[in-house]
């Protein structure tokens, strides 16, 4: 489903109208700095050139080394920087129907049914450089349902779709207590376990059947998502926070059942579990409450105001990212979430904060073959920014989503463009 | 931080004490140390503060790289580069503290990497920083945690409902003298809210303004006529709105709370009709009518991150824009910036409460506001609106010594306030307080990471020409 349906139609039309092998004209961007967000040691290129065509990045390197195809459209961006579109793995703004808390665990519900593509809030996010979001159900029940990974750019649902199911949303902690009277953590963990056990057994029956062992199981829409999880084609995104709750998340979801899971909405004091998370291969996606103020009933911390990202990094965790929980923190403030991580102690050497909103979440969600860095072959989701993307003072001036120019707000109002910048 | 070593500091102080230099004529002169010692019992000693070792951003456009600032009794008396060489001063002898006729503190900021001195910020309004209410002279809580956090955020003055107050915090050692409660409140009420929501309220406001304007005309005529006829009675103020009279006399600002362009241009029109400068809080669609607001001399208090889609029924431009502050500024509207949340938010979402005032300014700069206007939006403009612009908002000779030392550009998201000074007293030191000391600690801090000692990194001292490359073993034996 990579190429949108509309483009497919257009391609059909082209195939009829033009000789075969028609290609889009290549475009090349010249920028002062490219934040590649690639493997370590490959973070930035000064004096960069980037070629993209047909929605994908063809080449990236320094001006001298990149071969520019003949007839390519050239954009000299002057002193601007380019970076990959940002990724937010905890967002609720792509549609309505946030919290259908029918049962205590609703793994069969689908956020995809509620998507309103490129709605105003997604558009604002896009104008801030956020081009991919995981749209997930709310945390009113222990399993809100299935999330969907979407692009924020223009077009219909098929254009926007990156992957469905994007994740199974599990919520622990306090919000799902609201589901019913008497709900506490023990009961919630019990229900999560029961559902995971049922789901895993269901998925394994299907696996056995597909191997030619046993009878064809009865289809159960409620549990279908577990076939995806068991096959590692999707992940569990966990709304979790506080030490004890995160410990339960790690031990149950990953330790006990072996699913691909990540800490999402990783607020407050989860960092002392960093080693355990690292051991289980669980990434820490942090926000919106990234800072823990001294209070009673936490571990002794001598009055320190602790940033979650600071703590995880201090403990050596290799995969730290940031999320907004939009609209709790507005979608367009994803880069500010990373900035606040830095403010409260996260070491930003090698643009770690930018990696935390690009390649880290893309890897965690298993979409890094398409998204998360300015690398050859990946989607041309490219953001032009006036400087350090984490800095609130830096403005996003242009956004390409899959090679299509989705925003261009360069220059002075009145002189070069109409209207004002919303963001 | 109290040290007494730097020679030029002696000179600085000596300059301030010297009768021969007119620049410091205002400083009491203590020529005779004995006389000073006699007076010691009766009068409090003069307090001197020297700030050095950092770039001084005065807040009015000037930057003094590695400049120096001298304050006396809480007021700035000198800013510059000079060693202030004073003839006759004995440089070879440190005057012991007990022989000095004055108190001296030296804030040496050279331990702060990329250290910068800025004026203390002025919050147009805030909640909870003073820990009291009503008359802050009676109710201020000088041990209040939120006051500490306000000072940690770089705020030294804040507007309150009907007054303007300083964040006067208790710090042991600073208050060997009496705690200066009278210095807490530095300004009275300068803003009077004019209701501008409904048709009736707008009509009423305009009528009151018209009444006040008519009275002023009558009054001025009377001022002329009374010179001819001394018996002539002063015109009666009966029925004249005293607030609007004060507004038109320039004694108080009229404050409007308005966001929509129709409301805003209405305010601009009455302001131009009656000749006063309106202060507008909110001002969300100000960018649409910025030229009108600029002509009216309006001043705006806004939150750059405010978001609201434009009214669907509106054909014209509208809604919020990140460029609002920049467009208003470019049309001559003075802009003060305030974050969405006026209190200290301990809920864990960082970046949008009063502790993150410079972050909010950052969003205005994103929209095109120049850096200097950004700094002014949290210093001089709110100080002016609160009627304390003559005392705070910039670092200038004669003004209060309220300043902060930061570890970089104040408007950068990573920058922390390292020291805060109010009225010449050091009231906040990041490394001395619980909350942020562990975040990028200064090198002089106990919390600073130990530099690991790697013997291989230590350069080998060659003992002689013969030793050559094999000297390593020989060195070990020597040790």
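Residue numbers (the working numbering), protein chains in the order written: chain A, 1 to 423; chain B, 424 to 902.
Idealized CB from N, CA, C, for every residue including glycine.
Establish whether the CB of residue i and some CB of chain A are separated by less than 8 Å.
i	result
residue 640 (chain B)	no
residue 835 (chain B)	yes
residue 771 (chain B)	yes
residue 512 (chain B)	A caution first: residue 512 (chain B) carries a pLDDT of 38, below 50, which makes its placement in the model unreliable, though a value can still be read off. By this cut-off, residue 512 (chain B) is not an interface position.
residue 732 (chain B)	yes
residue 559 (chain B)	no
residue 668 (chain B)	no
residue 858 (chain B)	yes
residue 761 (chain B)	no
residue 555 (chain B)	no
residue 782 (chain B)	yes
residue 862 (chain B)	yes
residue 610 (chain B)	no
Give every residue of the same chain whose Cβ lies closer than 6 Å to the Cβ of residue i, excluding the five residues on either side of it in the sequence, and list them in chain order.
i	result
residue 24 (chain A)	53, 54
residue 612 (chain B)	585
residue 309 (chain A)	286, 320, 341, 346
residue 267 (chain A)	241, 289
residue 841 (chain B)	535, 828, 830, 853
residue 404 (chain A)	none
residue 232 (chain A)	260
Are residue i and residue j close, meaning C-beta to C-beta below 8 Å?
i	j	result
residue 436 (chain A)	residue 48 (chain A)	The question about residue 436 (chain A) has no answer here: the residues shown for chain A are numbered 1 through 423.
residue 324 (chain A)	residue 361 (chain A)	no
residue 430 (chain A)	residue 116 (chain A)	The structure shown does not extend to residue 430 (chain A), since chain A is modelled only from 1 to 423, so the question has no answer here.
residue 217 (chain A)	residue 243 (chain A)	no
residue 691 (chain B)	residue 719 (chain B)	yes
residue 280 (chain A)	residue 254 (chain A)	yes
residue 620 (chain B)	residue 664 (chain B)	no
residue 675 (chain B)	residue 615 (chain B)	yes
residue 804 (chain B)	residue 749 (chain B)	no
residue 559 (chain B)	residue 607 (chain B)	yes
Apart from the five residues on each side of it in sequence, which residues of its chain come closer than 8 Å, Cβ to Cβ, to residue i?
i	result
residue 225 (chain A)	107, 108, 146, 165, 168, 199, 234
residue 73 (chain A)	25, 26, 27, 28
residue 43 (chain A)	35, 36, 37, 350, 351, 355
residue 639 (chain B)	668, 671, 672
Just to confirm my understanding: we take residue i, look at its own chain, exclude 5 residues before and 5 after, and list those with CB closer than 7 Å. What are they?
i	result
residue 406 (chain A)	126, 153, 154, 399, 400
residue 257 (chain A)	196, 200
Are the C-beta atoms of residue i and some chain B residue less than 8 Å apart?
i	result
residue 419 (chain A)	yes
residue 154 (chain A)	no
residue 395 (chain A)	yes
residue 322 (chain A)	no
residue 330 (chain A)	yes
residue 159 (chain A)	no
residue 354 (chain A)	no
residue 129 (chain A)	no
residue 273 (chain A)	no
residue 242 (chain A)	no
residue 351 (chain A)	no
residue 345 (chain A)	yes
residue 368 (chain A)	no
Candidates the options: which alpha carbon is nearest residue i's?
i	options	result
residue 525 (chain B)	B:775, B:746, B:494, B:646	B:494
residue 491 (chain B)	B:818, B:865, B:663	B:818
residue 158 (chain A)	A:192, A:322, A:112, A:121	A:112
residue 544 (chain B)	B:701, B:809, B:530	B:809
residue 499 (chain B)	B:850, B:857, B:821, B:870	B:821
residue 70 (chain A)	A:209, A:51, A:160	A:51
residue 203 (chain A)	A:121, A:250, A:219	A:219
residue 395 (chain B)	B:682, B:659, B:651	The structure shown has nothing for residue 395 (chain B), since chain B only spans 424 to 902.
residue 101 (chain A)	A:138, A:121, A:131, A:302	A:138
What residues of chain A sit near residue i, judged by a beta carbon separation below 7 Å?
i	result
residue 744 (chain B)	420, 421, 422
residue 710 (chain B)	420
residue 765 (chain B)	What residue 765 (chain B) touches in chain A: nothing, since even the nearest Cβ is about 18 Å away.
residue 788 (chain B)	393
Identify the contact partners of residue i in chain B, using a Cβ-Cβ distance below 8 Å as the criterion.
i	result
residue 390 (chain A)	836
residue 289 (chain A)	770, 771, 772
Anything in chain A within Cβ reach of residue i, meaning under 8 Å, just list it in chain order.
i	result
residue 740 (chain B)	419, 420
residue 785 (chain B)	391, 392, 393
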